[in-house]
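S.K.:
Residue numbers (mature numbering (1 follows the signal peptide of the UniProt record, and there is no 0)): -24 to -1, 1 to 367.
1) Using CA atoms only, rank isn't needed, just tell me which of 206, 258 and 310 is closest to residue 290.
2) Counting Cβ pairs closer than 8 Å, one from the region 25 to 36 and one from the region 75 to 90, do we hit at least three?
3) Considering only their Cβ atoms, is the gap separating residue 123 from residue 87 smaller than 8 Å?
4) Taking Cβ positions, are residue 337 and residue 302 nearer each other than 8 Å?
5) The alpha helix (DSSP H) with residue 261 in it runs from where to where?
6) Does the region 174 to 192 come within contact of the region 212 to 226, defined as at least 3 CB pairs closer than 8 Å?
7) DSSP on residue 83, reduced to helix/strand/coil?
8) Would you check if the distance between the CB atom of residue 152 and the CB atom of residue 236 is smaller than 8 Å?
9) Which value, in whole angstroms, describes the spacing of the CA atoms of residue 65 and residue 29?
10) According to DSSP, residue 292 sits in a beta bridge with which residue or residues?
11) Please name the residue or residues paired with residue 394 in a DSSP beta bridge.
12) Distance, Cα to Cα, residue 315 vs residue 256?
13) For residue 127, count neighbouring Cβ atoms within 10 angstroms of its own Cβ and tell me buried if that reaches 16, exposed if not.
14) Are at least three pairs of beta-carbons, each pair with one atom in the region 55 to 71 and one in the region 224 to 239, less than 8 Å apart?
15) Expressed to the nearest angstrom, what Euclidean distance is found between the alpha-carbon atoms of residue 110 and residue 98?
16) Using CA coordinates, which residue listed in 125, 233 and 165 is at the minimum distance from residue 173?
17) Would residue 404 pass as a contact of residue 284 if the rule is Cβ separation under 8 Å?
18) From the DSSP output, in three-state form, read off residue 283 for me.
19) Report all residues from its chain with a CB closer than 6 Å to the CB of residue 282; omit the five preceding and five following residues, and keep chain order.
20) Give me, in chain order, the residues of the same chain whose beta-carbon lies closer than 7 Å to that of residue 252; leave out the 5 immediate sequence neighbours on both sides.
21) Which of the three DSSP states, helix, strand or coil, is assigned to residue 126?
22) Would the beta-carbon of residue 129 fall within 8 Å of that of residue 185?
23) Should residue 115 be listed as close to the ligand PLP, given that the test is whether its C-beta is under 7 Å from any heavy atom?
24) If we ignore side chains and look at the alpha-carbon of each, how far apart do residue 77 and residue 22 end up?
25) Measuring straight from C-alpha to C-alpha, what distance separates residue 356 and residue 119?
26) Compute the Euclidean distance between the alpha carbons of residue 422 and residue 267, then round it to the nearest angstrom.
27) Compute the beta-carbon to beta-carbon distance between residue 304 and residue 250, rounded to the nearest angstrom, for a pair I have assumed lies under 8 Å.
28) Alpha carbon to alpha carbon, what distance is there between residue 188 and residue 179?
29) Give the straight-line distance between the Cα atoms of residue 142 and residue 72, rounded to the nearest whole angstrom.
30) Is it right to say residue 359 is buried, meaning 16 or more other beta carbons lie within 10 angstroms of its own, or is it exposed?
31) Is it buried or exposed for residue 333, if we count other Cβ within 10 angstroms and need 16 for buried?
32) Taking Cβ to Cβ, would you say residue 85 is nearer than 8 Å to residue 46?
33) For residue 234, does the count of other Cβ atoms within 10 angstroms reach 16, so buried, or fall short, so exposed?
34) Provide the residue span of the alpha helix (DSSP H) that contains residue 68, from first to last.
35) Counting along the chain, where does the beta strand (DSSP E) carrying residue 216 start and finish?
36) According to the neighbour-count rule (16 or more other Cβ atoms, all chains shown, within 10 Å of its Cβ), is residue 159 buried or exposed?
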């Protein structure tokens, strides 16, 4: 396979990994991936410009983005779209701590095949599904009792691959990252003899979630190390545990732990991650994130003064180790014209500078009643806000 870096005519934005184009000199190199055999291909590395988020560059094969084996699978198994988005983007943030974006390139997971993933997510059954990672049904006098005695903890598995260029100009698989998305509430249904369904919820303790994640990660590690004739023995494999929110939550879940297995090594002990989301305004944010809650309320009052009708301005803040990392705000408009949107966007930018002076990213999305994005305003740390109004 030939690696071709894009020249000045290449201007493509990849939304999944957030990579933006730059203008590097064009060159050609040979690309290989360890012991994984593939036919010769032209491989293009998406160029990157410097952004505060430090996104990975993606890799194209014969001019096309290579989707993961599990593409679209998460929509069927993860109920809340907020959880799915945070699982995907948060996994790349955790990967950055182990695989430097300056040296590694991103590709969606290619090794856990779709049919394997489906079997792994289902319950274990000695005869019908010996590969199931969720426990088999427990004991009990009826199906509800059997479900509750052995709940399904694992919701989804997300795989990312990271490629690295060696001294010979070859790209090799340099790391695998596995996200384990775990239920915080087990939702299930039971059918009676008349064909009627009854729906139940079972809250799961964080201790049980962590124990199950540890067991599942070790089993997945063994399975990956057994694939491809041992090609993954010398590859570091990182696991990150994501705890989903209850189904109707308006904030996403969070990563609660991570652990890595070094080449030819066992899985290290899981390290706890202190990640959390707050909704603004909310009583919880007022109590536990008072500084940002006050800033948000003043900003909300500013925006409300701009209109003579009520606006339901809401925000979601992501915290790591009790420090805010980013704040996303949505301003929904019931009636609007383009001139009004431009004026509001300009006003928002001015108030961001005045109200939010911390070293974290603040983004504002102005939406219409139909849910379309009309404009965005972003203030990166220590930078002036910028505005984009959609035509």
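Beta carbons: idealized from backbone N, C-alpha and C, even for Gly.
M.R.: The structure says:
1) Against the chain shown, residue 290 aligns to sequence position 314. When only C-alpha atoms are compared, the closest one is 258.
2) yes
3) The count along the chain shown starts at 1 and reaches residue 87 at position 111. The count along the chain shown starts at 1 and reaches residue 123 at position 147. Not closer than 8 Å, so no.
4) By 1-based counting over the chain shown, the position of residue 337 is 361. By 1-based counting over the chain shown, the position of residue 302 is 326. For residue 337 and residue 302, yes; Cβs fall inside 8 Å.
5) If you number the chain shown from 1, residue 261 lands on position 285. Element bounds for residue 261: 259 to 264.
6) yes
7) Position 107 of the chain shown holds residue 83. In the structure shown, residue 83 sits in a strand (DSSP, three-state: E or B).
8) If you number the chain shown from 1, residue 152 lands on position 176. If you number the chain shown from 1, residue 236 lands on position 260. For residue 152 and residue 236, no; Cβs fall outside 8 Å.
9) Looking up residue 65 in the chain shown gives position 89. Looking up residue 29 in the chain shown gives position 53. When rounded, the distance between both Cα atoms is 11 Å.
10) In the chain shown, the residue the question calls residue 292 occupies position 316. DSSP output for residue 292 lists 255 and 304 as bridge partner(s).
11) Not covered by the structure: residue 394. The range shown for the chain is -24 to 367.
12) On the chain shown, residue 315 is found 339 positions in, with the first residue counted as 1. On the chain shown, residue 256 is found 280 positions in, with the first residue counted as 1. About 28 Å.
13) Residue mapping note: residue 127 aligns to position 151 of the chain shown, counting from 1. Buried, because 16 or more other Cβ atoms sit within 10 Å of the Cβ of residue 127.
14) With a cut-off of 8 Å on Cβ pairs, the region 55 to 71 is in contact with the region 224 to 239, counting three or more such pairs.
15) Position 134 of the chain shown holds residue 110. Position 122 of the chain shown holds residue 98. Each residue's alpha carbon lies about 6 Å from the other.
16) Residue 173 sits at position 197 when you count from the first residue of the chain shown. For the residues 125, 233 and 165, the minimum Cα distance to residue 173 belongs to 165.
17) The displayed coordinates of the chain run from -24 to 367. Any statement about residue 404 would go beyond what the structure contains.
18) In the chain shown, the residue the question calls residue 283 occupies position 307. Correct three-state label for residue 283: coil.
19) The residue given as residue 282 occupies position 306 in the chain shown. 323.
20) Counting from 1 along the chain shown, the entry for residue 252 is found at position 276. These residues qualify, in order along the chain: 230 and 295.
21) As a position in the chain shown, residue 126 is number 150, starting the count at 1. Here residue 126 sits in coil by DSSP.
22) In the chain shown, the residue the question calls residue 129 occupies position 153. In the chain shown, the residue the question calls residue 185 occupies position 209. Cβ distance < 8 Å, so residue 129 and residue 185 count as in contact.
23) The ligand PLP is not part of this structure, which contains no ligands at all.
24) Residue 77 sits at position 101 when you count from the first residue of the chain shown. Residue 22 sits at position 46 when you count from the first residue of the chain shown. So the alpha carbons of these two residues sit roughly 13 Å apart.
25) The count along the chain shown starts at 1 and reaches residue 356 at position 380. The count along the chain shown starts at 1 and reaches residue 119 at position 143. When rounded, the distance between both Cα atoms is 52 Å.
26) Residue 422 is absent from the model: the chain starts at -24 and stops at 367.
27) On the chain shown, residue 304 is found 328 positions in, with the first residue counted as 1. On the chain shown, residue 250 is found 274 positions in, with the first residue counted as 1. With a Cβ gap of about 20 Å, residue 304 and residue 250 do not count as contacting.
28) The count along the chain shown starts at 1 and reaches residue 179 at position 203. The count along the chain shown starts at 1 and reaches residue 188 at position 212. Each residue's Cα considered, the two are about 15 Å apart.
29) What you label residue 142 is simply residue 166 of the chain shown in a count that begins at 1. What you label residue 72 is simply residue 96 of the chain shown in a count that begins at 1. Roughly 19 Å between the two C-alpha positions.
30) To locate residue 359, count along the chain shown from 1; it is residue 383. Exposed, since its Cβ has fewer than 16 Cβ neighbours within 10 Å.
31) Your numbering for residue 333 matches position 357 in the chain shown. Residue 333 is exposed by the Cβ-count criterion.
32) Position 109 of the chain shown holds residue 85. Position 70 of the chain shown holds residue 46. Yes; because the gap between Cβ atoms is below 8 Å, this pair is in contact.
33) Residue 234 sits at position 258 when you count from the first residue of the chain shown. Buried, by the Cβ-count rule.
34) Within the chain shown, residue 68 is the residue found at index 92, counting from 1. Where residue 68 is concerned, the enclosing alpha helix (DSSP H) stretches over 57 to 72.
35) Numbered from its first residue, the chain shown carries residue 216 at position 240. Segment 213 to 219, the beta strand (DSSP E) holding residue 216.
36) Position 183 of the chain shown holds residue 159. The residue is buried, with at least 16 neighbouring Cβ atoms inside 10 Å.
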